[in-house]
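Q: This structure is in structure tokens; I'll ask about it shortly.
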Ligand code: FES
Ligand code: FES
């Protein structure tokens, strides 16, 4: 067991965990931040996406020790003063979910994409998001939601 | 004619025969735990045997309004249903229907779903039955409640009920102008009234809330992470469990050494019957304890994908007669003998996995002898029965709660994780969470059945079908009868021995039967040298199916462009469970490497009066995307009791780059009852793609998945080339 102070959504959170434990497990099982999802634990679905200093990371493959110095953003941290981020709002407006289990990973990936490329083409969205699985097959609406967010006047980063 | 009961088919397909666990019944502990005196003897009759009767065994649906809805003093309406939300959007669409009949704003409704203590008994959420059965049930109760409220107001005002109107959550006297809100009328008291079924319902043509694109009711909670899925449930002092899985199916345990795991601090090891598992305060420790268990197994030699289809045919002969042909008219042999053109073809579908993004998960907690389990299941009451049987406890001592889950697609009818968590919680005395790994979900859940389908057909030179014979081995009887008008026909489902645990999957065998039938229709169209749409229409009377074919063809401009070696157009359609679908696709083939890409799909859909067009579009488009997987590349590879591709890296499912441009044409038949739409939208895609591939290449692909497994490891990919008499030329699939 090691002690960590994680910077999650702007807060400093103390946690003890084995250094090799996944960030996903630490967030979900030790910090009760269950918005980040387990889909495969193998880097294949991106349901577990979080942002580390703004970059998307698969938290299932990230040991907690590797995230200790980063600013960690989870889906719970996107809303500001009860206002959804542009990406979150666009997902709601497009109805870009069915069961919604992939949604937090999708929203975070899209947030990172729009920070890098504020006005992506459809092809850029598909390429960037191709690692994110939606078993309900909501892909076309998710692409539409990312496009909608990219046109939003507010900054897409949610910061 | 012997038409099957679709409900019976569904129930037969979702009954997973093998029990996951038999716990040794330690009678003394059992009595200690639950107190003496209350030994309820549970017979081991499978629940579906009771349910398959029209009366649902002892489960009479309650007839009093209070069981289905309540109106609080502040006017909030709570609706109770045993159906569950798995992404199909019924939390929204059912609430719309209640709001409509009750005449209240949509926002005033809260749906309480899938809680065995609080909602009326329900068989389960499957078979596209929510919209056609639960919809009218709740509408009836809501309409009766509205009448009752009007009568309550009439009594208070001493007025004639006929002079009062109910609207916007109030009853108003048309002459007096006085009004009372529903909350003021009920004062939160239960609405005690027994309701007969003949309550007048608002016709779809008058709908104001139902029939509109109300957004998903709790959509915000999914984008903020606030919604708690079953795997997100946290209880005070909760522990984490891990189950030791055998090395293969049907394995027997030879030896087990638990000493190392038992010595680990805070670890509980349970070995009860065939159940071996550990629990610890956190997941890491539970995983370490699991790997510290040393077990040796004997795994018997078992079949693989190779020889699968021949074995179905063989073993079907030893199965008890299943009632003979499903659908017979005329004489097929006679008509076949005189038909100018005859075709006999075999088609196959492989086992595929549902792979819901949220794997099986459960949190179980025992308190004062009562077991409460939060779990992801399509059948909370079915899981309650499983828990009662596994722990020998009466119904009052089990509660199953189903939070809206990370979907199921027919794959979560069973309660494995619930039983596992409950057994560990019983041993530790604390709540225990179990979340299956992806590999567990790919291995120990159940699969969509593989199947062999043989079709023989005969036609006259003018394109009139005169004979049709359809045999399905193992995959199932759903949508087995042809919707085309053929004077002489016979369809039969032949149950067979399945080497893998199999169960229901979105649309059941309608996908397999429709793939075979609509591919065969295409083959016959070419044989009689007719346009595939024209050939279908010539042999089709059903106006609803004709209408979707026409709508899809119109939108797609069917027939405007001719297929080329690089670009193929295909059409297919069908109907099942009250849903009518026709699908046109355009595929592109790369001349260099023969890779196929699905570029454009137009799908027309009709399922009666539309309750929520936005939710419906979402379902139909999702079914198309999901259908691409089974059509093109999904296939479970197995040998000797092991799954060889239990990871997303090896078992390819559709991704962003696989999704074509999709256009949905909805036909709203306000004159017809609403049918469910979560399933049958998947049945048109595969044959339409196969037909488009043929149009482009002249190669007929009769085996799903149709493209070679370009991601699976080489050995498993070659195993897929099974020797069942049909040849499948190799085409690869590429992402659009
Ligand atoms: S859970 Fe991390 S990629 Fe699937
Ligand atoms: S909405 Fe269900 S997995 Fe994406």
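Chains as they are written, first to last, in this note's numbering: chain A, 762 to 920; chain B, 7 to 742. Cβ coordinates follow ideal geometry from the N, Cα and C atoms, glycine included. Source: prediction; values computed, not measured.
I need the DSSP call for residue 894 of chain A, collapsed to helix, strand or coil.
A: DSSP places residue 894 of chain A in coil when its eight states are reduced to three.
Q: Could you list the residues in the region 285-305 of chain B with a C-beta less than 8 Å from some C-beta on chain A, going in chain order?
A: Answer in chain order: 288, 289, 290.
Q: Report yes if the CB atom of residue 823 of chain A is closer than 8 Å to the CB atom of residue 783 of chain A, and no otherwise.
A: Their beta carbons are under 8 Å apart, which means residue 823 of chain A touches residue 783 of chain A by this criterion.
Q: Residues of chain B with CB closer than 7 Å to the CB of residue 901 of chain A, please, in chain order.
A: Neighbours of residue 901 of chain A on chain B, chain order: 627, 665, 668.
Q: Checking contacts by CB at 8 Å: is residue 587 of chain B closer than that to chain A?
A: Not closer than 8 Å to any Cβ of chain A, the Cβ of residue 587 of chain B fails to qualify, so no.
Q: Between the beta-carbon of residue 418 of chain B and the beta-carbon of residue 383 of chain B, is there less than 8 Å?
A: Yes, they are a contact pair.
Q: Would you call residue 568 of chain B buried or exposed, if buried means 16 or more other Cβ atoms sit within 10 Å of its Cβ?
A: Exposed: under 16 other Cβ atoms inside 10 Å.
Q: Is any heavy atom in ligand 1 found nearer than 7 Å to the beta carbon of residue 808 of chain A?
A: Because some heavy atom of ligand 1 lies under 7 Å away, the Cβ of residue 808 of chain A counts as near it: yes.
Q: Taking the C-alpha atoms as reference points, what is the distance between residue 75 of chain B and residue 140 of chain B?
A: In a straight line, the C-alpha of residue 75 of chain B is about 13 Å away from that of residue 140 of chain B.
Q: Can you find a CB in chain A that lies within less than 8 Å of the CB of residue 235 of chain B?
A: So yes, residue 235 of chain B belongs to the interface.
Q: Alpha carbon to alpha carbon, how far is residue 872 of chain A from residue 849 of chain A?
A: Residue 872 of chain A and residue 849 of chain A: Cα-Cα distance of roughly 9 Å.
Q: Are residue 132 of chain B and residue 504 of chain B touching if we call contact CB-CB under 8 Å?
A: Not closer than 8 Å, so no.
Q: Say whether chain B places a C-beta atom closer than 8 Å to the C-beta of residue 793 of chain A.
A: Yes, contact with chain B.
Q: From the DSSP output, in three-state form, read off residue 611 of chain B for me.
A: Three-state result, residue 611 of chain B: strand.
Q: Consult DSSP for residue 383 of chain B and reduce its assignment to one of helix, strand or coil.
A: Residue state, collapsed to three classes: coil.
Q: On the criterion of 16 or more Cβ atoms from any shown chain inside 10 Å, does residue 901 of chain A qualify as buried, or is it exposed?
A: Counting Cβ neighbours within 10 Å, residue 901 of chain A comes out buried, since at least 16 surround it.
Q: Under 8 Å between the Cβ atoms of residue 542 of chain B and residue 586 of chain B?
A: No, Cβ-Cβ distance for residue 542 of chain B and residue 586 of chain B is not below 8 Å.
Q: Would you check whether ligand 2 has a heavy atom nearer than 7 Å to the C-beta of residue 863 of chain A?
A: Because some heavy atom of ligand 2 lies under 7 Å away, the Cβ of residue 863 of chain A counts as near it: yes.
Q: Is it buried or exposed, residue 198 of chain B, if we count other Cβ atoms within 10 angstroms and call 16 or more buried?
A: So residue 198 of chain B counts as exposed.
Q: Ignoring anything shorter than 4 residues or poking outside the region 163-208 of chain B, list the alpha helix (DSSP H) runs there in chain order.
A: Taking only runs of at least 4 residues, the alpha helix (DSSP H) segments lying wholly in the region 163-208 of chain B are 188-192.
Q: Quick test of your reading: residue 494 of chain B and residue 341 of chain B, contact by CB under 8 Å. State the CB separation rounded to the nearest angstrom.
A: Contact flag correct, Cβ pair sits at about 4 Å.
Q: Should residue 363 of chain B be counted as a contact of ligand 2 given a C-beta to heavy atom distance under 7 Å?
A: Under cutoff, so the answer is yes.
Q: Which of the three DSSP states is assigned to residue 845 of chain A in this structure?
A: In the structure shown, residue 845 of chain A sits in coil (DSSP, three-state: anything other than H, G, I, E or B).
Q: Whose C-alpha, out of B:156, B:625, B:487, is nearest the C-alpha of residue 898 of chain A?
A: Ranking B:156, B:625, B:487 by Cα distance to residue 898 of chain A puts B:625 first.
Q: Classify residue 158 of chain B as helix, strand or coil using the three-state DSSP reduction.
A: Helix.
Q: Beta-carbon of residue 779 of chain A versus every beta-carbon of chain B: anything under 8 Å?
A: Interface residue, yes.
Q: Of all the residues that make up the region 473-484 of chain B, which are near chain C by a beta-carbon distance shorter than 7 Å?
A: Absence of chain C from the displayed structure is noted, the protein chains being A and B.
Q: Taking the CB atoms as reference points, tell me whether residue 251 of chain B and residue 358 of chain B lie closer together than 8 Å.
A: Against a cut-off of 8 Å, the Cβ pair of residue 358 of chain B and residue 251 of chain B comes out as no contact.
Q: Comparing alpha-carbon positions, which option in B:697, B:738, B:682 lies nearest residue 95 of chain B?
A: When each option's Cα is compared against that of residue 95 of chain B, the closest is B:682.
Q: Give a single yes or no on whether residue 821 of chain A has its beta carbon closer than 7 Å to a heavy atom of ligand 1.
A: Yes - ligand 1 has a heavy atom lying nearer than 7 Å to the Cβ of residue 821 of chain A.
Q: What did DSSP end up calling residue 212 of chain B once you bin it into helix, strand or coil?
A: If DSSP states are grouped into helix, strand and coil, residue 212 of chain B belongs with the helices.
Q: Does the pairing of the region 75-85 of chain B with the region 179-197 of chain B give three or more beta-carbon distances under 8 Å?
A: Contact holds: three or more Cβ-Cβ distances are below 8 Å.
Q: Hey, is residue 716 of chain B's beta-carbon within less than 8 Å of any beta-carbon in chain A?
A: Because the pLDDT at residue 716 of chain B is just 37, under 50, the model does not fix this residue reliably, and the point stays unresolved.
Q: So which of B:237, B:408, B:162 has the shortest CA-CA distance to residue 121 of chain B?
A: The residue with the shortest Cα to Cα distance from residue 121 of chain B is B:408.
Q: Considering only their Cβ atoms, is the gap separating residue 833 of chain A from residue 767 of chain A smaller than 8 Å?
A: In contact: residue 767 of chain A and residue 833 of chain A (Cβ atoms closer than 8 Å).
Q: With a cut-off of 8 Å, does the C-beta of residue 835 of chain A fall near any C-beta of chain B?
A: Interface residue, yes.
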